[in-house]
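Going by the numbering used here, the first residue of the sequence shown is number 1, and it counts up by one from there.
Note that CB positions come from ideal geometry on N, CA and C, so glycine has one too.
Small disclaimer: the values here were computed from a predicted structure and weren't measured.
Written out below as C-alpha cells is the structure these notes cover.
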Amino acid sequence: MANMKAAIIGAGNVGASTALKLAELNIADIVMTDLVEGMPQGKALDMMESAPLSGIDVSITGTNDYKEIAGSDIVVITAGVPRKPGMSRDDLLKINAHIIGEVVDDVLRHAPDAIIIMVTNPLDVMTYLAYQRSGFDKRRVLGMAGVLDSVRFRCFIAMELGVSVKEVSAMVLGGHGDSMVPLPDYSTVSGIPIVELIPKEAIDRMISRTRKAGGEIVALLKTGSAYYAPAAAVAAMAESILLDQKQLLPCCTKLDGEYGLSHVFVGVPVILGKEGVEKVVEVPLSPEDSEKLKQSAEHVKSTMEDLRKLSDTDRAEG
Ligand SMILES: NC(=O)c1ccc[n+]([C@@H]2O[C@H](COP(=O)([O-])OP(=O)(O)OC[C@H]3O[C@@H](n4cnc5c(N)ncnc54)[C@H](O)[C@@H]3O)[C@@H](O)[C@H]2O)c1
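So, in C-alpha cells, the structure goes:
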C-alpha cells in the first residue's frame, strides 16, 4: 500500500522542522515546497541523508512546483513573512493574506481532498481565510496554536514543580496571542489539579509567561521566531489525523454556537481524526474564563473584519 502523503508549504524554520519531525514518525511521505529555488530541495536532501541514522523510512522531497503536492492527505501551511521593523499589523495581514490566498488556490488545484493545517500568523484569521477561500468543509480546515500554547504551559508547570513533563497536562483555549485563555482548572499533574499544588501567584506568573512565550523566544533569538515546539505541535496534530488517533487537542476551528460563539475561528478542544476536526468538545468554563474566551473571540472577529476591509479596498482599487 502506498504511504500517506503530507505536503508542507513554506520550507522555512517551522516548515522544515515540521517536515523532519513528521518524517521521523514514518507515517507519510513528505513534500516541501517554497518560493526560494533550490532551498526546499537542499533541505529535503539533507534530511534524506540523515535517514540511515535516524530510522526515517519515508521519502522526503523538496520542490518549487505545486504539482508535486498532488494526492496529499494533509497540507501544512507555513508560508508567510514575519513582521519587520516599520511594518504595520495591517501591512503584515495584507501580505500574508495574499500569500495564503495563492497557496490555498494551489491546494485546491492539486490536493483538493487534503486536510489543511494552518500555521501562518495571524493564525486564527489565516485559518478563516483558508476556510473561506477553499470552500472546504469546516472539519478540513484547522489551525495550530492551542497545542503549542498548551505544551508551553505544561513545560512551565513541570519546571515550577520539578516534575516530569510527562505527568503534566494542560489546556489553553482562545485566539493565538495575548488574548489566549490558559485554563488552570483543567491543568493537572498526574490527575491532581495544579490549583491544589501551586500558589495562585505562581500560576498567574506561568499564565502570563505562556501568553508571552512566543515573544520571549523572539527576544532571545533576535532574528526569527520559535520553531522546534511549533513543529512538534503540528506533528502531533498531523499524526492524530493521519493515524485516525482521535486525540483530544486544542485547535483553532470554526465555531457555530459551541461555547456560545458563532462565525469565528478560535481555539477550543477538539477530537482530531481522519476526517479532521471530528468533534468540538464543550467543557464547562468558569464565568471568568468564559468571559475571557468571549473577549478572545471578539479580538479574532475584529481582525477578520480588518481583513475583509482590506480585501474590499483592494477590490475597489483594482
Ligand atoms: N501558529 C503558531 O503557533 C506559529 C508558531 C510559529 C510560527 N508561526 C508562523 O509560521 C510562519 C512561518 O514561520 P517561520 O519561522 O517558518 O518563517 P520563515 O521565514 O523561516 O519561513 C517562511 C517560509 O515561507 C516561504 N514563503 C513565502 N511566501 C511563499 C509562497 N507564496 N509559497 C511558498 N513559500 C513561501 C519563505 O520563502 C520562507 O522560506 C510565520 O507566519 C510565523 O509567524 C506560527
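Reduced DSSP category for residue i - H, G, I as helix; E, B as strand; rest coil
i           : result
residue 59  : coil
residue 72  : coil
residue 37  : coil
residue 275 : coil
residue 162 : coil
residue 245 : coil
residue 28  : strand
residue 118 : strand
residue 198 : coil
residue 7   : strand
residue 283 : coil
residue 148 : helix
residue 112 : coil
residue 348 : Residue coverage of the chain in this structure runs from 1 to 318, which leaves residue 348 outside it and unanswerable.
residue 54  : helix
residue 134 : helix
residue 126 : helix
residue 88  : coil
residue 65  : coil
Strand pairing of residue i, partner residues [DSSP]
i           : result
residue 342 : Absent from the structure is residue 342, since the part of the chain shown begins at 1 and ends at 318.
residue 82  : Answer by DSSP bridge pairing: none, since residue 82 is not bridged.
residue 142 : 117
residue 174 : 267
residue 182 : 172
residue 77  : 9 and 118
Minimum Cβ-Cβ distance from residue i to chain D less than 8 Å
i           : result
residue 253 : Here there is only one protein chain, and chain D is not present.
Is the region 126-141 touching the region 265-284, taking contact as three or more C-beta pairs under 8 Å?
yes
Does the region 117-125 touch the region 297-314, meaning 3 or more C-beta pairs lie closer than 8 Å?
yes
If contact is defined by three or more beta carbon pairs under 8 Å, each pair taking one atom from either stretch, is the region 57-66 in contact with the region 22-41?
yes
Counting only runs of 3+ residues fully inside the region 202-267, write out the beta strand (DSSP E) ranges in chain order.
247-256
Could you say if the region 47-54 and the region 73-84 meet the contact criterion of at least three C-beta pairs nearer than 8 Å?
no
Would you call the region 110-118 and the region 192-201 touching, i.e. three or more CB-CB distances under 8 Å?
As far as the Cβ criterion goes, the region 110-118 does not touch the region 192-201, which means the pair count is below three.
Between the region 308-317 and the region 281-292, do three or more beta carbon pairs fall short of 8 Å?
Touching, no, given that fewer than three Cβ pairs across the two stretches are closer than 8 Å.
Are the region 262-269 and the region 242-252 in contact at 8 Å, needing three or more beta carbon pairs?
yes
So, do the region 147-166 and the region 178-196 have three or more beta carbon pairs nearer to each other than 8 Å?
yes
Would you call the region 91-102 and the region 218-229 touching, i.e. three or more CB-CB distances under 8 Å?
no
Would you call the region 166-173 and the region 146-158 in contact, with 3 or more CB pairs under 8 Å?
yes
Under 8 Å: do the region 70-81 and the region 231-241 share three or more Cβ pairs, one atom per stretch?
In the pairwise beta carbon analysis, the region 70-81 is classified as touching the region 231-241: at least three pairs are separated by under 8 Å.
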